[in-house]
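What follows is one structure encoded as structure tokens, with my remarks underneath.
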Amino acid sequence: MWSALCWTSLSSGATAALTVHSDFEGGSGETVSIDSERQAIHLRPALREGRGWPCWWYVRIEGAVVGAAFELTVSGNPGPFRPGGAALAANWAQPVRAAISKDDVVWTQSPNGVADTQNRTMTYRFEAPGERFWLAWGPPFTPRHGAKLIEDLVAQLPGSEAFVLATSRDGRPVPGIRMGRADAPAAIWVQARQHAWEAGSSWTGRGFAEWVAGDDPEARRLRESTTIYFVPIMDVDNVARGAGGKESVPRDHNRDWSGEPVYPEVAAAQGRIAELDQAGRLRMFIDLHNPGPGDKRTFFFGPFGYEEMAPPVRAGYDRFIQFAAKRIQGPPAVESAYRFATYVRTDEERGRMSSGWVRKHTDPTRTISVTLEAAWNTPDNTADGYRQTGRQLAAAVADYLSAPTAKAGE
Ligand SMILES: [Zn+2]
0 MWSALCWTSL SSGATAALTV HSDFEGGSGE TVSIDSERQA IHLRPALREG
50 RGWPCWWYVR IEGAVVGAAF ELTVSGNPGP FRPGGAALAA NWAQPVRAAI
100 SKDDVVWTQS PNGVADTQNR TMTYRFEAPG ERFWLAWGPP FTPRHGAKLI
150 EDLVAQLPGS EAFVLATSRD GRPVPGIRMG RADAPAAIWV QARQHAWEAG
200 SSWTGRGFAE WVAGDDPEAR RLRESTTIYF VPIMDVDNVA RGAGGKESVP
250 RDHNRDWSGE PVYPEVAAAQ GRIAELDQAG RLRMFIDLHN PGPGDKRTFF
300 FGPFGYEEMA PPVRAGYDRF IQFAAKRIQG PPAVESAYRF ATYVRTDEER
350 GRMSSGWVRK HTDPTRTISV TLEAAWNTPD NTADGYRQTG RQLAAAVADY
400 LSAPTAKAGE
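Residue numbers (numbering that gives the first Met the number 0): 0 to 409.
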């Protein structure tokens with residue numbers, strides 16, 4: 000009794016009540032417990048049934064004591080994320096380091112978290128950077144970041160053009176940008192964030208677009224020879240809601256590339272890609288993602304049936320990965336050989352993935368279609384780290400497009 004009274008008087012006197020908020024664009028977090036006295040909170044990602052994996056979290060803390068020790072514990076969400084389904088493994092929600100910001104603009108990383116394998120929690124300890132500050136799974140990239148990026152690029156690069164790819168199922172615009180000469184002989188299509196939790200893919204895309212728009216002579220040459228289309232966030236609805244997106248209902252966004260897509264932005268991308276192919280211009284399609292928590296290196300998924308490909312077709316993929324391995328030094332550096340998404344079992348499902356759909360619907364002697372999986376669970380995967388990977392990717396694309404290709408009969 001004595002100690003309880005003592006704690007009560009302390010908490011009403013010395014310490015303000017700590018509160019946790021997620022009612023903003025991209026916000027997600029259910030509070031398991033709050034201990035204002037110890038400045039300790041325990042969170043888990045919000046469960047949004049039918050909206051995909053509950054792995055992303057992003058909250059604002061109010062009422063912290065600046066400079067005092069702060070403790071964040073993160074659990075997985077135990078609920079099934081789709082009807083009749085299972086809970087998601089906790090480690091998808093538990094990066095080695097948490098992202099912290101005192102202004103919701105510049106993000107740094109916490110020291111390494113400490114895992115409690117018995118309770119399946121991860122605890123991060125750091126000093127509270129402000130009375131109010133933000134915590135997230137990784138540096139957030141939401142529709143407002145996408146809109147600002149496109150606005151900045153258009154202002155920077157005369158002749159570039161913002162476009163709205165589609166209006167999403169929930170009525171949001173899905174913006175993109177065209178850079179480079181509109182009537183250039185070649186064209187490429189780069190998109191990020193079919194999986195809403197994979198915020199790092201949009202940061203990688205931002206780095207890519209910034210390099211393309213920049214002053215590097217190679218970037219200038221690329222813009223002369225090639226029209227570059229870039230969409231920073233495909234699944235805007237789940238990103239805006241702070242949902243994970245992956246395995247959402249009725250369909251995972253990256254299993255929607257069928258003859259009858261559910262998502263208007265997928266249908267619109269298919270239409271534009273098919274048009275570029277029919278005009279004989281499409282050279283590359285790149286889909287940007289983030290892989291699993293154990294993948295400490297960035298890598299590409301290449302084409303299924305790689306071994307059986309006609310030699311000139313396979314040579315295109317080989318040339319590209321050689322340039323990529325040279326340019327994408329990270330850190331983390333890209334793996335120098337393709338991986339193959341063999342966890343996708345059937346040809347039917349493989350065909351409904353964006354990269355597979357593009358391969359099936361474009362001229363394989365002209366177009367290569369790859370998926371970049373940018374590692375997220377290393378100390379280098381800050382916003383700036385991802386942007387560097389994106390710039391390196393862009394340089395590799397420029398190398399590939401300007402290299403002499405194998406001629407017919409070779
Ligand atoms: Zn993904």
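We treat Cβ as the ideally placed atom computed from N, Cα and C, and that holds for glycine.
My output table needs one value for G350: the three-state DSSP class, helix, strand or coil.
The residue labelled residue 350 in the question sits at position 351 within the sequence shown. Helix.
Within 10 Å of its beta-carbon, does N76 have 16 or more other beta-carbons around it, so buried, or fewer, so exposed?
Taking the first residue of the sequence shown as position 1, residue 76 is located at position 77. That one is buried.
Enumerate, from N- to C-terminal direction, the unbroken alpha helix (DSSP H) stretches of 4 or more residues contained entirely within the stretch 132 to 196.
142 to 155, all fully within the stretch 132 to 196.
Could you tell me the alpha carbon to alpha carbon distance between R390 and R344, rounded to whole angstroms?
The residue labelled residue 390 in the question sits at position 391 within the sequence shown. The residue labelled residue 344 in the question sits at position 345 within the sequence shown. R390 and R344: Cα-Cα distance of roughly 33 Å.
Could you give the uninterrupted runs of the alpha helix (DSSP H) lying entirely in the stretch 334 to 384, keeping only those of 4 residues or more?
Complete alpha helix (DSSP H) runs here, min 4: 346 to 350, 353 to 360.
D255 by DSSP, collapsed to three states: which one?
As a working mapping, residue 255 is identified with position 256 in the sequence shown. Correct three-state label for D255: coil.
Same chain only: Cβ atoms within 6 Å of A394, ignoring 5 sequence neighbours per side:
Taking the first residue of the sequence shown as 1, we reach residue 394 at position 395. The residues are R326.
Quick check on I285: does DSSP put it in helix, strand or coil?
Position 286 of the sequence shown, counted from the first residue, corresponds to residue 285. DSSP places I285 in strand when its eight states are reduced to three.
Quick one: using the 10 Å Cβ neighbour count with 16 as the cut-off for buried, is N380 buried or exposed?
Mapped onto the sequence shown, residue 380 falls at position 381. Counting every other CB atom within 10 Å of its CB across the protein chains shown gives N380 a total of 16 or more, marking it as buried.
Secondary structure of Y262, DSSP reduced to three states:
Taking the first residue of the sequence shown as position 1, residue 262 is located at position 263. Y262 falls in the coil class under three-state DSSP.
Measure the alpha-carbon distance for E63 versus A208 and round it to whole angstroms.
As a position in the sequence shown, residue 63 is number 64, starting the count at 1. As a position in the sequence shown, residue 208 is number 209, starting the count at 1. Checking the sequence shown, residue 63 turns out to be Ala, not Glu. So the two alpha carbons sit approximately 37 Å from each other.
Near ligand 3: H20 beta-carbon under 7 Å from a heavy atom
In terms of ligand content, the structure shown lacks ligand 3 and carries ligand 1 instead.
Assuming R351 and D255 make a contact with CB atoms under 8 Å, what is their CB distance in whole Å?
Taking the sequence shown and counting its residues from 1, the one referred to as residue 351 is at position 352. Taking the sequence shown and counting its residues from 1, the one referred to as residue 255 is at position 256. Yes, they are in contact, since the Cβ atoms of R351 and D255 sit about 7 Å apart, within 8 Å.
For G293, count neighbouring Cβ atoms within 10 angstroms of its own Cβ and tell me buried if that reaches 16, exposed if not.
Walking along the sequence shown from the start, residue 293 turns up at place 294. When all chains shown are included, G293 counts as exposed.
Opening and closing residue of the beta strand (DSSP E) in which F69 lies
Taking the first residue of the sequence shown as 1, we reach residue 69 at position 70. DSSP places F69 in the uninterrupted beta strand (DSSP E) bounded by 68 to 74.
Closer than 7 Å: H144 CB and nearest ligand 1 heavy atom:
Taking the first residue of the sequence shown as 1, we reach residue 144 at position 145. Result no, Cβ not under 7 Å from ligand 1.
Please work out which residues of its chain come closer than 8 Å, Cβ to Cβ, to L400, disregarding the five sequence neighbours upstream and downstream, and give them in chain order.
Taking the first residue of the sequence shown as position 1, residue 400 is located at position 401. Around L400: A185, I187, L221, S224, T225, R282, M283.
Check R220 in the structure and name its three-state DSSP category.
Translated into positions along the sequence shown, residue 220 becomes position 221. Of the three classes helix, strand and coil, the one that applies to R220 here is helix, per DSSP.
Within 8 Å of any Cβ in chain D, is that where the Cβ of G199 sits?
Among the protein chains of the structure shown there is no chain D, as only one such chain exists.
Taking 7 Å as the cut-off, does the CB of Q429 come closer than this to any heavy atom belonging to ligand 1?
There is simply no residue 429 to check, as the chain begins at 0 and stops at 409 in what is shown.
For V230, does the count of other Cβ atoms within 10 angstroms reach 16, so buried, or fall short, so exposed?
Within the sequence shown, residue 230 is the residue found at index 231, counting from 1. It is buried - the Cβ of V230 has at least 16 other Cβ atoms within 10 Å.
Cα-Cα separation between N289 and D236, rounded to whole angstroms
For the purposes of this step, residue 289 is taken as the residue at position 290 of the sequence shown. For the purposes of this step, residue 236 is taken as the residue at position 237 of the sequence shown. Their backbone Cα atoms lie some 18 Å apart in a straight line.
Return helix, strand or coil for S35, following the three-state DSSP convention.
Indexing the sequence shown from 1 puts residue 35 at position 36. Residue state, collapsed to three classes: coil.
Sequence-distant residues of the same chain with beta carbon closer than 6 Å to A397, five excluded per side
For the purposes of this step, residue 397 is taken as residue 398 along the sequence shown, with counting starting at 1. Excluding sequence neighbours, A397 sits near E217, L221.
Along the chain, where does the beta strand (DSSP E) containing R419 start, and where does it finish?
Residue 419 is absent from the model: the chain starts at 0 and stops at 409.
Which residue marks the beginning of the beta strand (DSSP E) containing A15, and which one marks its end?
Here residue 15 corresponds to residue number 16 of the sequence shown, with the count starting at 1. No beta strand (DSSP E) holds A15; DSSP gives it neither H nor E.
Measure the C-alpha to C-alpha separation of A239 and A97 and round it to an integer number of angstroms.
Counting from one through the sequence shown, the residue named residue 239 turns up at place 240. Counting from one through the sequence shown, the residue named residue 97 turns up at place 98. C-alpha separation (whole angstroms): 20 Å.
Would you say N253 touches ligand 1, meaning its beta carbon is less than 7 Å from a heavy atom?
Here residue 253 refers to the residue found at position 254 of the sequence shown. Yes, the beta carbon of N253 sits closer than 7 Å to at least one heavy atom of ligand 1.
Can you tell me the Cα-Cα spacing of G112 and P310, whole angstroms?
Taking the sequence shown and counting its residues from 1, one reaches residue 112 at position 113. Taking the sequence shown and counting its residues from 1, one reaches residue 310 at position 311. If I take the Cα positions, the gap works out to 47 Å.
Does Q108 come out as helix, strand or coil in the three-state DSSP assignment?
In the sequence shown, the residue the question calls residue 108 occupies position 109. Three-state DSSP puts Q108 in a strand.
6 Å CB neighbourhood of I149 in its chain, flanking five on each side removed
To locate residue 149, count along the sequence shown from 1; it is residue 150. Residues A161, P174, I176 of the same chain have their beta carbon placed closer than 6 Å to that of I149, with the five preceding and five following residues left out of the count.
Skipping 5 residues on each side, what residues in its chain have a beta carbon closer than 6 Å to that of R131?
Translated into positions along the sequence shown, residue 131 becomes position 132. Answer for R131: E61, listed in chain order.
Who does Y305 pair with in a DSSP beta bridge?
Locating residue 305 in the sequence shown gives position 306, counting from the first residue. Paired residue(s): none; Y305 is not in a bridge.
Would you call the stretch 153 to 168 in contact with the stretch 260 to 269, where contact means no fewer than 3 C-beta pairs closer than 8 Å?
Three or more beta-carbon pairs drawn from the stretch 153 to 168 and the stretch 260 to 269 are found closer than 8 Å, and the two stretches are therefore classed as touching.
What does a CB cutoff of less than 6 Å around L17 pick up in its chain, not counting 5 residues either side in sequence?
The residue given as residue 17 occupies position 18 in the sequence shown. Shown here for L17: same chain residues with a beta carbon closer than 6 Å to its own, the five before and five after excluded, namely I33, S35, G62 in chain order.
Pick helix, strand or coil for F229, following the three-state DSSP scheme.
Position 230 of the sequence shown, counted from the first residue, corresponds to residue 229. When secondary structure is reduced to three states using DSSP, F229 falls in the strand class.
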